[in-house]
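Our numbering numbers the first residue of the sequence shown as 4 and each following residue consecutively.
Worksheet: one structure, shown below.
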Amino acid sequence: MQNEKDKVDFLIQFGANFGKIRKMKNLSFRALSQKCDLDYADLNKIEKGKRNITLTTIAELARGLSVHPKDLFEFDK
Numbered sequence: 004m005q006n007e008k009d010k011v012d013f014l015i016q017f018g019a020n021f022g023k024i025r026k027m028k029n030l031s032f033r034a035l036s037q038k039c040d041l042d043y044a045d046l047n048k049i050e051k052g053k054r055n056i057t058l059t060t061i062a063e064l065a066r067g068l069s070v071h072p073k074d075l076f077e078f079d080k
């Protein structure tokens, strides 16, 4: 089992990668929330690494960003 710092670091790295993809797609939180049926405030928390999300949320993010879910995990751990 990972320690708490490792878990937080992972959430921050995931969020940063998600943010990079969102910005490359030139999508605001509001525009993305309309594409993936997630609240824009939740998207902000995910990007900041403050929200631990489920697999279904990952699928929604990928759909809204028009990427494969694995692309959201392409960062150095």
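We treat Cβ as the ideally placed atom computed from N, Cα and C, and that holds for glycine.
Segment limits, alpha helix (DSSP H) that includes K28 = Premise fails: K28 is in no alpha helix (DSSP H) and is neither H nor E.
Give every residue of the same chain whose Cβ lies closer than 6 angstroms to the Cβ of D79, excluding the five residues on either side of it in the sequence, and list them in chain order.
-> Excluding the 5 residues flanking it on each side, D79 has no same chain C-beta neighbour closer than 6 angstroms.
Three-state secondary structure (DSSP) at K38?
-> Three-state DSSP puts K38 in a helix.
Would you mind working out which of L68, P72 and N6 sits nearest K38, comparing C-alpha positions?
-> Looking from the CA of K38, the closest CA among L68, P72 and N6 belongs to L68.
Does the stretch 43-50 come close enough to the stretch 17-27 to have 3 or more Cβ pairs within less than 8 angstroms?
-> Contact between the stretch 43-50 and the stretch 17-27 is present, because at least three Cβ pairs lie under 8 angstroms.
Burial state of S31 (16 or more Cβ within 10 Å) | Result: exposed.
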